[in-house]
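The opening residue of the sequence shown carries number 2 in the working numbering; numbering runs sequentially from there.
Single-structure report; data block below.
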Amino acid sequence: AVCNSKPTPCKDPTDKLFTVHGLWPSNFNGPHPENCTNTTVNLQRIQNIHAQLKIIWPNVLDRTNHVGFWNKQWIKHGSCGNPPIMNDTHYFQTVINMYVTQKQNVSEILSRAKIEPLGIQRPLVHIEKAIRNSINKKK
2 AVCNSKPTPC KDPTDKLFTV HGLWPSNFNG PHPENCTNTT VNLQRIQNIH AQLKIIWPNV
62 LDRTNHVGFW NKQWIKHGSC GNPPIMNDTH YFQTVINMYV TQKQNVSEIL SRAKIEPLGI
122 QRPLVHIEKA IRNSINKKK
């Protein structure tokens, strides 16, 4: 979807996998918080999860700069999740846990519903229904 919606197309063929674009804190009483700190990602702290992030949270617009993309997401969104997000490593590990461990892998959920990333448009209601059915029918 990102590759088809940007004026600058993706440089590589798209993965046959739905991937993470971000994890944003929510504010029910107003706009979502953004840019709560300018603290950048500590590359040494995320070194042991770098390979996993590259697969599930790639920079699809520039595959040579995943860290730059993650840094942008951390500063804009992740830094606003405190509490309960404690730091950049916890932010990225939370995404990995949601994607892998807690069965919130959207690619897998949609694949089970026969919705594959084939470059065709799907009705939003079908996507929402597949996700809701997979996560305990929550609305």
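Every residue gets a Cβ at the ideal spot worked out from N, C-alpha and C, and that includes glycine.
Taking DSSP as the reference, what is the three-state secondary structure of Asp89? helix
Helix, strand or coil at Trp25 [DSSP, three-state]: coil
Start and end residues, alpha helix (DSSP H) containing Lys77: His67 to Lys77
Please state the DSSP three-state secondary structure of Lys115. coil
Does the count of Cβ pairs from the segment 105-119 and the segment 18-32 closer than 8 Å reach three? yes
What is the rounded straight-line gap between the Cα of Arg46 and the Cα of Gly69? 15 Å
Identify which residue in Leu24, Ile97 and Asn98 has its Cα closest to the Cα of His33. Leu24
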